[in-house]
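Working notes, structure below.
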Amino acid sequence: METKKTRNTEKQNLVKEILSKTKHTMSAEDIMNAMPLKVNKTTIYRILDRFAEKGEVHFVTGKNGKAYYALCNNCEGSHEIHNHIHFECQICKEVTCQPYTLSMPDLDGFTIQETQFLVIGICNKCKK
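Heads up, our numbering is the position in the sequence shown plus 310, with the first residue counted as 1.
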């Protein structure tokens, strides 16, 4: 049985390019609005899900319940658990990856498959 290969489509390349040009995370809607060609949100989510499965992006759920995505640049390990902190600003609403990691506890009898660490407050840019 042959393994199905995923093509690098123009839309996938555009999503990566858009994420690579931002210093904060982006929602699927933000990415869709930044696309230079018409792409529906379902297609964006499929691309992001594929990237997440391959360890190319990670996401965190914001206070509003939306998923915010970022490229995995300096992520360590197998990309299964992202144990760095994300900060959501209550004024500008940007969600950013922070360079601080948390150690994962050993939960006897449990297998951790995903973590999300969201700290909410006011960013330095908005404090000024």
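Glycine is no exception: its CB is placed at the ideal position from the N, C-alpha and C atoms.
Practice task
Return helix, strand or coil for V370, following the three-state DSSP convention.
Solution key: Position 60 of the sequence shown, counting from 1, holds the residue named residue 370. Strand at V370.
Practice task
Could you spell out the range, first to last residue, of the beta strand (DSSP E) harbouring Q408?
Solution key: Position 98 of the sequence shown, counting from 1, holds the residue named residue 408. Element bounds for Q408: V405 to T411.
Handout entry: Nearest candidate by alpha-carbon position, reference L381, set R360, G375, Y410 and G372
Key = For this step, residue 381 is matched to residue 71 along the sequence shown. The shortest C-alpha to C-alpha distance from L381 to any of R360, G375, Y410 and G372 is the one to R360.
Handout entry: Sheet register partners of C399 (DSSP bridge)
Key = Taking the first residue of the sequence shown as 1, we reach residue 399 at position 89. According to DSSP, C399 bridges with G431.
Practice task
Under 7 Å Cβ to Cβ from K376, same chain only, skipping five residues before and after it: list those, please.
Solution key: Working through the sequence shown from its first residue, we reach residue 376 at position 66. The residues are S337.
Practice task
Specify the secondary structure class of L381 as computed by DSSP and reduced to three states.
Solution key: Here residue 381 refers to the residue found at position 71 when the sequence shown is read from its first residue. Annotated three-state conformation of L381 is strand, per DSSP.
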